[in-house]
Amino acid sequence: MATLYLIEQNTILRKQGQRLLLCKRPPAKRRYSAVLQGDILLDLPVGDVDQVMLFGNIQVTTSALQLLLGKGIEVALFSFGGDLLGQLTPVQGKNVPLRIEQFRRWDDPAFTLNFAKAVVEAKLENARALLLGFQKNHAGVLGADDLEIFAKLIAALPEVADLERLRGVEGAAGAQYFRLFGRMILPPWRFEGRNKRPPRDPVNAVLSYGYVVVAAQLQSLLDGIGLDPYLGFYHQIRYGRPSLALDLLEEFRHPLVDRLCLTLFNKQIVEDADFYRPATGGVYLSTSGKRKFFTHYQSMLGEISSGLLMPAPESEGYSSLFQRQAERLVKSLQSETAYEPYRLIT
Numbered sequence: 002m003a004t005l006y007l008i009e010q011n012t013i014l015r016k017q018g019q020r021l022l023l024c025k026r027p028p029a030k031r032r033y034s035a036v037l038q039g040d041i042l043l044d045l046p047v048g049d050v051d052q053v054m055l056f057g058n059i060q061v062t063t064s065a066l067q068l069l070l071g072k073g074i075e076v077a078l079f080s081f082g083g084d085l086l087g088q089l090t091p092v093q094g095k096n097v098p099l100r101i102e103q104f105r106r107w108d109d110p111a112f113t114l115n116f117a118k119a120v121v122e123a124k125l126e127n128a129r130a131l132l133l134g135f136q137k138n139h140a141g142v143l144g145a146d147d148l149e150i151f152a153k154l155i156a157a158l159p160e161v162a163d164l165e166r167l168r169g170v171e172g173a174a175g176a177q178y179f180r181l182f183g184r185m186i187l188p189p190w191r192f193e194g195r196n197k198r199p200p201r202d203p204v205n206a207v208l209s210y211g212y213v214v215v216a217a218q219l220q221s222l223l224d225g226i227g228l229d230p231y232l233g234f235y236h237q238i239r240y241g242r243p244s245l246a247l248d249l250l251e252e253f254r255h256p257l258v259d260r261l262c263l264t265l266f267n268k269q270i271v272e273d274a275d276f277y278r279p280a281t282g283g284v285y286l287s288t289s290g291k292r293k294f295f296t297h298y299q300s301m302l303g304e305i306s307s308g309l310l311m312p313a314p315e316s317e318g319y320s321s322l323f324q325r326q327a328e329r330l331v332k333s334l335q336s337e338t339a340y341e342p343y344r345l346i347t
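Residue numbering for the sequence shown follows this note's numbering, starting at 2 and increasing by one per position.
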């Protein structure tokens, strides 16, 4: 899965034959003239792309949209701040029997609870693994007592009998995790707790942005293989919420997005100029911040970033893991096999 992330503002995505061109917006006096070589910021074959994500003020010509949709390539539109506004999905045959099985499993309380418990268990294990990894490299920041709650909560999961209690376990783990996450953010940056809608500090801005991007990729993947991304098992139905994509996101939050966040701040990759604070409130990644985010994000996925094309890494990247987990979910729905979530190896 190769995703083209477009973040350069006031640009136009055009079609030229079987190629996609990202161009500067021309001045009014030559708006309808041919594209000049100096206008082109990115030129690549459409065959190198499986999905396009547009952030902010980026235009797309009708011919480019026709090319993308004709090739079965989905286009996702985001606000500049990172909110998913909508998606253009190609017309394609849906796997109706698979969706019927998904709805049947959704109506099975035992399957729903077992799936949800597996997802939460993996999320807690991945949180603990990330904390342990940091502890090994930063002596004295985290203590053994700090991590004890995760082992206790994981051990208690087999006795959890309903989704409400399961969410209570997840909530307790999340509260402790983000308390400790604040210790892992090194000066001069600070993190004093999770906040969102809007995020009120740079660390939360990166976390929120990362979660939205990964959820959108998972949503596109699930839709493409024939599942209904809005019908989840752990995340219950809510109008407009891609609950199944959020189910799969849980196992990737800590090992992918949170780890990337630690890299960006602790290695001083981002700076204050990479964030902007609108008068309406909140803190968001600026264009320069998004560029840094995607440069490092795509190194984990082996994907295409705006103006940058990198081959997939030799080891299994998260792009392949997304696909693998979707296939595991399908297998679980179609058989008696329990769903096996992704677990971070330490």
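We put the CB at the ideal spot given by N, CA and C, even for glycine.
In this text, all values refer to a predicted model and were calculated from it rather than measured experimentally.
* **Rounded distance between the beta-carbons of D147 and L181, thought under 8 Å** => One-based indexing of the sequence shown puts residue 181 at position 180. One-based indexing of the sequence shown puts residue 147 at position 146. In this structure L181 touches D147 by the C-beta definition: roughly 6 Å separates them, less than 8 Å.
* Asked: Near T62, which residues of its chain fall below 6 Å by C-beta distance, leaving aside the five closest residues on each side in sequence?
  -> Counting from one through the sequence shown, the residue named residue 62 turns up at place 61. Same-chain partners within the cutoff: R15.
* To do: Quick one: using the 10 Å Cβ neighbour count with 16 as the cut-off for buried, is D108 buried or exposed?
  => Here the question's residue 108 lines up with position 107 in the sequence shown. Per the 10 Å Cβ criterion, exposed.
* Where E272 and L334 are concerned, what is the direct C-alpha to C-alpha distance, given to the nearest angstrom? -> Sequence index remark: in the sequence shown, residue 272 carries index 271 (1-based). Sequence index remark: in the sequence shown, residue 334 carries index 333 (1-based). Approximately 45 Å between the Cα atoms of the pair.
* Asked: Between the C-alpha atoms of M185 and R195, what's the straight-line distance to the nearest angstrom?
  -> Residue 185 sits at position 184 when you count from the first residue of the sequence shown. Residue 195 sits at position 194 when you count from the first residue of the sequence shown. Separation of M185 and R195 (C-alpha to C-alpha, rounded to the nearest whole angstrom) is 14 Å.
* To do: Could you please give me the residues that DSSP links to P374 through a beta bridge?
  => What is shown of the chain runs 2 to 347, which leaves residue 374 out entirely.
* Asked: Can you check whether the CB of I8 is closer than 7 Å to the CB of F56?
  -> Here residue 56 refers to the residue found at position 55 when the sequence shown is read from its first residue. Here residue 8 refers to the residue found at position 7 when the sequence shown is read from its first residue. Judged by their CB atoms, F56 and I8 are nearer to each other than the 7 Å cut-off.
* **Pair within 7 Å by beta-carbon distance, E75 and S221** => Looking up residue 75 in the sequence shown gives position 74. Looking up residue 221 in the sequence shown gives position 220. Their beta carbons are under 7 Å apart, which means E75 touches S221 by this criterion.
* Pairing CB atoms from the segment 252-271 with CB atoms from the segment 288-301, are three or more of them under 8 Å? -> The segment 252-271 is in contact with the segment 288-301.
* Work out the CA separation of A117 and T90 for me, nearest whole Å. => Residue 90 sits at position 89 when you count from the first residue of the sequence shown. Residue 117 sits at position 116 when you count from the first residue of the sequence shown. Near 28 Å, if we compare the C-alpha coordinates of A117 and T90.
* Asked: G308 by DSSP, collapsed to three states: which one?
  -> Along the sequence shown, read from residue 1 onward, the residue named residue 308 stands at position 307. The predicted model places G308 with a pLDDT of 38, which falls under 50 and marks its position as unreliable; any figure quoted below should be read in that light. Look at G308 here: in three-state DSSP terms it is coil, with no helix or strand label.
* Asked: Taking the continuous beta strand (DSSP E) assigned at D44, which residues delimit it?
  -> Here residue 44 refers to the residue found at position 43 of the sequence shown. D44 -> beta strand (DSSP E) spans I41 to P46.
* To do: Just confirm the distance between the C-beta atoms of L247 and H236, as a whole number of angstroms; I'd bet it's less than 8 Å.
  => Stepping through the sequence shown from its first residue, residue 247 is reached at position 246. Stepping through the sequence shown from its first residue, residue 236 is reached at position 235. Indeed they touch by this definition, with Cβ atoms about 4 Å apart.
* Secondary structure at K25, three-state DSSP: helix, strand or coil? -> Locating residue 25 in the sequence shown gives position 24, counting from the first residue. Note: K25 maps to strand in three-state DSSP.
* Delimiting residues of the alpha helix (DSSP H) encompassing K153 -> Within the sequence shown, residue 153 is the residue found at index 152, counting from 1. It spans A145 to A157 - the alpha helix (DSSP H) in which K153 sits, taken as one unbroken run.
* Asked: Is the shortest distance between the beta-carbon of I150 and the beta-carbons of chain D less than 7 Å?
  -> Here chain D cannot be found, since the structure has a single protein chain.
* To do: Could you check the C-alpha separation between L257 and P110 for me, to the nearest Å?
  => Within the sequence shown, the letter at position 256 stands for residue 257. Within the sequence shown, the letter at position 109 stands for residue 110. About 30 Å.
* To do: Tell me, please, which residues DSSP counts as bridged to I13.
  => Counting from 1 along the sequence shown, the entry for residue 13 is found at position 12. Here I13 is bridged, per DSSP, to C24 and Q60.
* Asked: With respect to the alpha helix (DSSP H) encompassing V120, which residues constitute its N-terminal and C-terminal limits?
  -> The sequence position of residue 120 within the sequence shown is 119, counting from 1. Note, V120: alpha helix (DSSP H), P110 to N138.
* Separation of Q326 from R198, as counted between CA atoms -> In the sequence shown, residue 198 corresponds to position 197, counting from 1. In the sequence shown, residue 326 corresponds to position 325, counting from 1. As the crow flies, the alpha-carbon of R198 is around 28 Å from that of Q326.
* Asked: Taking all protein chains shown into account, do 16 or more other C-beta atoms lie within 10 angstroms of the C-beta of Y240, making it buried, or fewer, making it exposed?
  -> Taking the first residue of the sequence shown as position 1, residue 240 is located at position 239. Burial call: exposed.
* To do: Along the alpha helix (DSSP H) that carries G290, what are the first and last residues, could you check?
  => Position 289 of the sequence shown, counted from the start, is the residue given in the question as residue 290. T288 to L302 is the extent of the alpha helix (DSSP H) around G290.
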